[in-house]
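These notes concern the structure reproduced below.
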Amino acid sequence: MPKPVKHLQTQLLDWFSRHRRVMPWRAAKGVRPDPYHVWLSEIMLQQTTVVTVGPYFMKFIAKWPTVKHLAKAKLDDVLTAWAGLGYYARARNLHKCAVTVANEHAGKFPETVEGLRELPGIGPYTAAAIASIAFDRPAVAVDGNVERVVSRFFAIEEPLPLSKDDIRRKAARLAKDNPHPGDFTQAFMELGATVCTPRKPKCSLCPWAADCAARKKGVAEDLPRKVEKAQKPVRYGKVYYISNRRGEFLIHKRTGQGLYEGLYQLPTTEWIDSRTAARKLAAPVRITGLESLGAEVRHSFTHFDLILEIWIGRDTKNTRLAHAVWISADNIDEYALPTLMKKAIRLCMNGNPAKSA
DNA sequence: ATCCTGTAAG
DNA sequence: CTTACAGGAT
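Read left to right, the first sequence gives residues 1339 to 1695 (our numbering).
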């Protein structure tokens, strides 16, 4: 370590006290934040940017002001409010966690990393983040930002994720015995988010620039290195926009486990690997006169890309369809519809302005 | 290995 | 426009 750790800690904490960003879930300087707010924001911020989370966080605390309120909510309503944020397992775990905290912890979050780790949806990162930010416990939260800062500060050449253990140890060294664990956690991440950015890091603004190994070697922008990832497969299928005489269209709750579990969707075929085979797939609804709109929706998941051909149809004889719900453009927000489906719906309404009116 | 979406870069 | 990337838990 080039300088005593103590000095680096002071530099980072001083920098943070001057550049601390205002966020809806962040308490004012020197004020203890509400653990419920810290937890809710941290769950939302998993795999999601600050800007995206903002409005969702506001919506949630307005609707469910405490963890006990959230525990009493129906999962369906939580999913509806979550719709668009992605990774819906987070919402299911969020609800489970709220129920556990309300019922088994009298509505109070555990204050230790070990206690927090027991709860659904709280992994090593989130447990450390909540313990330090909400309760000022000396825990080190290593997120993607911290990984980047540490990789560069020590010029770690080993690629992620192989370097994770090394990064964790070095992050712990930098954080060891610092006087303000909550601020330190936030400062560490904030440095990565605003200064030590993935591309074009602003080294001139960095409180640690003088001691940064990557900067001295001129490789800051090349770090952290990452192991090459296999290229994603593409899957194909069809989605169906079935409208009725009232201008409503058909959705239904998705069955099965995993992907979009418990969310609503337009009727869709299976999603398969072969484009040609997908073109021959039969419709999942028995409606005559279906026709291809000649448009596609594209959507990208973590492990595959998806291309769905859009088909439209009209239900002229009030067909009864099991588990189906007819909805109009006005009450789309009352259902947990993922972005993929909203994209498809929007395309259909734009493609058929007469029918959306 | 499985789970989504928004944004920046090319 | 198309592609690449960021971002943790189970």
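No residue lacks a Cβ here, since even glycine has one placed at the ideal position from N, Cα and C.
What you are looking at is a predicted structure, and each value in this text was computed from that prediction instead of being measured.
(request) Report the three-state DSSP secondary structure of Y1579 (helix, strand or coil). (result) strand
(message) Going by beta-carbon coordinates alone, are P1519 and D1481 separated by less than 8 Å?
(response) Not in contact: P1519 and D1481 (Cβ atoms no closer than 8 Å).
(request) Please confirm if the region 1456-1472 is in contact with the region 1436-1448, defined as three or more CB-CB distances below 8 Å between the two stretches. (result) Judged by Cβ distances under 8 Å, the region 1456-1472 makes contact with the region 1436-1448, as three or more pairs qualify.
(request) Take every Cβ of the region 1557-1571, pair it with every Cβ of the region 1486-1496, and state whether three or more of those distances are shorter than 8 Å. (result) yes
(message) For R1652 and R1613, I'd like the C-alpha separation in whole angstroms.
(response) 26 Å
(message) Can you tell me whether D1668 is helix, strand or coil according to DSSP?
(response) D1668: helix per DSSP, three-state reduction.
(request) Mind the definition here: the region 1509-1528 touches the region 1342-1351 only if three or more C-beta pairs lie below 8 Å; say whether that holds. (result) Per the Cβ contact rule, the region 1509-1528 is in contact with the region 1342-1351 (3 or more Cβ pairs under 8 Å).
(request) Using only the heavy atoms of the ligand NAP, determine whether one of them is closer than 7 Å to the beta carbon of K1570. (result) The ligand NAP is absent from the structure shown, which contains no ligand whatsoever.
(request) Could you tell me the distance, in whole angstroms, from the CA atom of N1516 to the CA atom of G1368? (result) 16 Å
(request) Could you check what DSSP says for H1661 in three-state terms: helix, strand or coil? (result) Look at H1661 here: in three-state DSSP terms it is coil, with no helix or strand label.
(request) Using 10 angstroms around the beta-carbon of Q1385, count the other beta-carbons present and answer buried if the total reaches 16, otherwise exposed. (result) exposed
(request) With I1468 as the anchor, note down where its alpha helix (DSSP H) starts and where it stops. (result) P1462 to F1473
(message) Tell me the residue span of the alpha helix (DSSP H) that contains W1649.
(response) That residue, W1649, is in no alpha helix (DSSP H); its beta strand (DSSP E) goes D1643 to R1652.
(request) With a 10 Å radius around its C-beta and 16 neighbouring C-beta atoms as the bar for buried, classify L1597 as buried or exposed. (result) exposed
(request) Would you kindly report the start and end of the unbroken alpha helix (DSSP H) that includes I1612? (result) Residue identity differs from the one stated: residue 1612 is Ser in this sequence, not Ile. Counting along the chain, S1612 falls outside any alpha helix (DSSP H), and DSSP gives it neither H nor E.
(request) Verify whether the separation of the beta carbon atoms of L1378 and F1395 is less than 8 Å. (result) The answer is yes: Cβ separation under 8 Å.
(request) Hey, could you find the ends of the alpha helix (DSSP H) L1512 is sitting in? (result) K1502 to A1513
(request) Find the nearest neighbour of P1476 within the set R1506, T1523 and S1501, judged by alpha-carbon distance. (result) T1523
(request) Could you check if E1380 is buried or exposed, using at least 16 other CB atoms within 10 Å of its CB as the buried criterion? (result) buried
(message) Here's the rule I'm using: 16 or more other beta-carbon atoms within 10 Å means buried, otherwise exposed. How should H1433 be labelled?
(response) buried
(message) Between the alpha carbons of A1472 and G1461, how many angstroms are there, rounded?
(response) 16 Å
(message) One question on the structure: do A1479 and A1466 come within less than 8 Å of each other, judged by their Cβ atoms?
(response) Contact flag set, yes.
(request) Return helix, strand or coil for R1573, following the three-state DSSP convention. (result) Annotated three-state conformation of R1573 is strand, per DSSP.
(request) Tell whether a beta-carbon distance below 8 Å holds between V1577 and L1646. (result) Remark: C-beta atoms of V1577 and L1646 approach each other more closely than 8 Å.
(request) Please report the Cβ distance between V1557 and M1527, rounded to the nearest whole angstrom; I am assuming they are in contact, meaning their Cβ atoms lie under 8 Å. (result) With a Cβ gap of about 22 Å, V1557 and M1527 do not count as contacting.
(request) Compare the beta carbon distance of Y1673 and I1683 with 8 Å and say whether it is the shorter of the two. (result) Pairing Y1673 with I1683 gives a Cβ-Cβ distance that is not under 8 Å.
(message) Considering only the alpha carbon of each residue, which of A1616, K1555, L1601 and E1449 lies closest to R1430?
(response) L1601
(request) Note down, one range per segment and in chain order, each beta strand (DSSP E) of at least 3 residues found wholly within the region 1396-1465. (result) none
(message) Am I right that Y1579 and L1604 are in contact with their C-beta atoms under 8 Å? What's the rounded C-beta distance?
(response) 6 Å
(message) Could you give the first and the last residue of the continuous alpha helix (DSSP H) run that contains H1345?
(response) V1343 to H1357
(request) State whether the region 1441-1448 contacts the region 1620-1636, with contact taken as three or more CB pairs (one from each stretch) at a distance under 8 Å. (result) Too few Cβ pairs lie closer than 8 Å, so no.
(request) Take N1669 as the anchor and find which of F1587, A1616, W1609 and C1686 has the nearest alpha-carbon. (result) F1587
(request) Quick one: grab the DSSP three-state call for H1637. (result) strand
(request) May I ask you to report which of helix, strand or coil DSSP gives K1554? (result) helix
(message) According to DSSP, simplified to helix, strand and coil, what is L1619?
(response) DSSP places L1619 in the coil class of the three-state scheme, outside both helix and strand.
(request) Could you pull out every residue in the same chain whose Cβ sits closer than 6 Å to the Cβ of M1679, ignoring the five residues on either side in sequence? (result) Q1603 and L1604
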